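Numbering (this note's numbering), first residue to last: 205 to 720.
Pasting the structure below:
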């Protein structure tokens, strides 16, 4: 193996990896992966976090699924089988919010929302990503970290800037949970009531999500099949059009860049992420261009980019591309053979299929946050304080998971879906559309809940493995976490550093290939 972890190898196949294997099997089957590939996957790293859900196994399984997709793709070359090994502890460290893998050398070891993110942005934006108590004793989670979402929340509550979180709490406390959620969501804000697991299973959207597959895959039109993966750099020659935002989908395209794909991220010049984000981890390996597809010239340029892409990975609001004249059928016809991979928050059927959402909002809706607090409250002496994405908190209110499992796990499944889609196109000529959702990933996690074997693992992990190379992130020195997945003879690295929005032009850099 490329980066064998000798110290942890004896822990292979202990009981703690059973859930990781089961989750991997579910993810792989949903992608129509060949069952025999899973025999190549092994896990290392014992321990569990204090949590009622298998977050360490979820992290390991997501990386294992992406690794299995790479191993399967390399069968096309036909030289030999490529084994895959995943370190559960290292995978969990990569899932530690918000981004990974950067570790700044000019600050002490930190983790979680109060560590890494504030070291980049230097502000307490977390005040606008929190929960508020309602008039009936419920809890409403609000995400207003983007200016447009905050403005909608302020208007919906009858407030005016400047406002503080205390002002918002005062307004929400005058409303029942249902009233507050309806008012904010109707105004286009992002909010979610903390429901219990049982309440979610009986909710119309919970019922709809339970009836959806983890990955809904549809074949589209046949296209060119001349591309072949490259040993050592499997996705060399592949063009990925990145129309993503927030965390899950950008993480997927970052992984594709790690395998050698040319990834071009496109944002509108006035988008929240283009105007607020600087150089950050999710941009590693990508070029980042600005393009206004609301103009005739921009729309034509976007269609040209799409016609030259192999993969389109997008996570916009479900109706956003349709508003640009690029519905699913148009995309498939514009680029026959396109591997089209997308996600939304709450699933693709049911009354909430168009609702805005984020990882923590979905945790509140689906009962995960309620269950974390309920579970911790059963034995507060041993289960509190709760690690809620790097913050140690009590069980007095719904609490989210120790790591951002839904975003991260869905992200690596999206990457695996793109790789599987490329193999499917190589073998059959067919393009495909794969749809996933954070809510369906939540159901996968809940369905595989097991009692933690122990609680020996804590973040930050002092034994986390770092690469030797020192990199620059902006003007600051960093090292990077070593990848938690090891694929025989496939080094994982990025060809280029992260760049500022608009640093690149919206054109493909690589030469035109005859198989396009």
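Note that the Cβ used here is the ideal one computed from N, Cα and C, for glycine as well. Just so we're clear, the structure is a prediction, and the values are computed from it rather than from any experiment.
Close Cβ partners of residue 688 (< 7 Å) along its chain, the five nearest in sequence each way excluded
Excluding residues up to 5 positions away in sequence, 267, 290, 291, 294, 295 and 298 lie with their Cβ nearer than 7 Å to the Cβ of residue 688 in the same chain.
Drop a sphere of 10 angstroms on the beta-carbon of residue 212, count the other beta-carbons inside from all chains shown, and report buried for 16 or more, exposed for fewer.
Below a pLDDT of 50, predicted positions are generally treated as unreliable, and residue 212, at 32, falls in that range; the measurement from the model is reported next regardless. Buried, because 16 or more other Cβ atoms sit within 10 Å of the Cβ of residue 212.
From the DSSP output, read off the bridge partner residues of residue 641.
548
Does DSSP classify residue 683 as helix, strand or coil?
strand
Cutting at 7 Å between CB atoms, please list the residues of its own chain near residue 584, excluding the five before and the five after it.
The residues are 599.
Runs of beta strand (DSSP E) wholly within the region 562–638 (minimum 3 residues, chain order)
590–592 and 595–597
Any idea what DSSP makes of residue 490, helix, strand or coil?
strand
Residue-level contact to chain C via CB, residue 697, 8 Å cutoff:
Looking for chain C here will not work: only one protein chain is present.
Cα-Cα, which of 493, 602, 244 and 564 is closest to residue 471?
493
With C-beta atoms as the reference, is residue 226 less than 8 Å away from residue 460?
no
Please name the residue or residues paired with residue 379 in a DSSP beta bridge.
Beta-bridge pairing by DSSP links residue 379 to no other residue.
Counting Cβ pairs, one atom from each stretch, are 3 or more of them under 8 Å apart for the region 571–583 and the region 430–450?
no
Considering only residues of the same chain and omitting the five flanking positions on each side of residue 507, which have a CB-CB separation below 7 Å?
Listed in chain order, the non-local C-beta contacts of residue 507 below 7 Å within the same chain comprise 538, local neighbours out to five positions each way being set aside.
So what's residue 321 in DSSP terms, helix, strand or just coil?
Annotation note: pLDDT 42 at residue 321 (below 50); position unreliable, no value reported.
Leaving out the 5 sequence neighbours to the left and right, which residues in its chain are closer than 8 Å to residue 602 when beta-carbon positions are compared?
335, 343, 345, 398, 568, 573, 574, 576 and 577
Taking its Cβ as the centre, do 16 or more other Cβ atoms sit within 10 Å of residue 406, making it buried, or is it exposed?
exposed
CA-CA distance, residue 502 and residue 509?
Those two C-alpha atoms are separated by around 10 Å.
Rounded C-alpha distance that separates residue 648 from residue 401
Approximately 13 Å between the Cα atoms of the pair.
Determine the burial state of residue 365: buried for a count of at least 16 other Cβ atoms within 10 Å of its Cβ, exposed for fewer.
Exposed, since its Cβ has fewer than 16 Cβ neighbours within 10 Å.
Based on DSSP bridge pairs, tell me the residues matched to residue 517.
446 and 545
Residue 424, enclosing alpha helix (DSSP H) - first and last residue
In the DSSP annotation of this structure, residue 424 is not part of any alpha helix (DSSP H); the continuous beta strand (DSSP E) holding it starts and ends at 420–426.
Beta-ladder partner(s) of residue 677, from DSSP
According to DSSP, residue 677 bridges with 680.
For residue 531, verify whether its CB is less than 7 Å away from any heavy atom of the ligand SAM.
Judged by which ligands are present, the structure shown has none, so any question about the ligand SAM falls away.
Give me the Cβ distance between residue 642 and residue 610, rounded to the nearest whole Å; I'm assuming they're in contact under 8 Å.
5 Å
Is it buried or exposed for residue 368, if we count other Cβ within 10 angstroms and need 16 for buried?
exposed
Could you spell out where the alpha helix (DSSP H) holding residue 257 opens and where it closes?
Neither: residue 257 is in no alpha helix (DSSP H) and is coded neither H nor E.
Report yes or no: do the region 382–397 and the region 556–564 share at least 3 C-beta pairs separated by less than 8 Å?
The region 382–397, when compared against the region 556–564, does touch it at the 8 Å Cβ threshold.
If we call anything under 8 Å between Cβ atoms a contact, is residue 489 one with residue 698?
yes
Among 666, 535, 685 and 379, nearest to residue 340 - alpha-carbon criterion
The candidate whose alpha carbon is nearest that of residue 340 is 379.
Can the beta-carbon of residue 661 be found closer than 8 Å to that of residue 260?
yes
Which first and last residues belong to the alpha helix (DSSP H) in which residue 358 is found?
351–360
Return the Cβ separation of residue 309 and residue 705 in integer angstroms, given the expectation that the two are a contact with Cβ distance under 8 Å.
That pair is no contact at about 25 Å.
Can you tell which of 519, 517 and 223 has the C-alpha that lies nearest to the C-alpha of residue 252?
223
Can you round the beta-carbon distance between residue 542 and residue 415 to whole angstroms, since I take them to be within the 8 Å contact cut?
In fact, because the Cβ distance is near 27 Å, the residues do not count as touching under 8 Å.
Segments of 3+ residues assigned as beta strand (DSSP E) that fall wholly inside the region 429–473:
443–447 and 466–471, all fully within the region 429–473.
Pairwise C-alpha distance: residue 254 and residue 588
Rounded to whole angstroms, residue 588 to residue 254 spans 9 Å at the Cα level.
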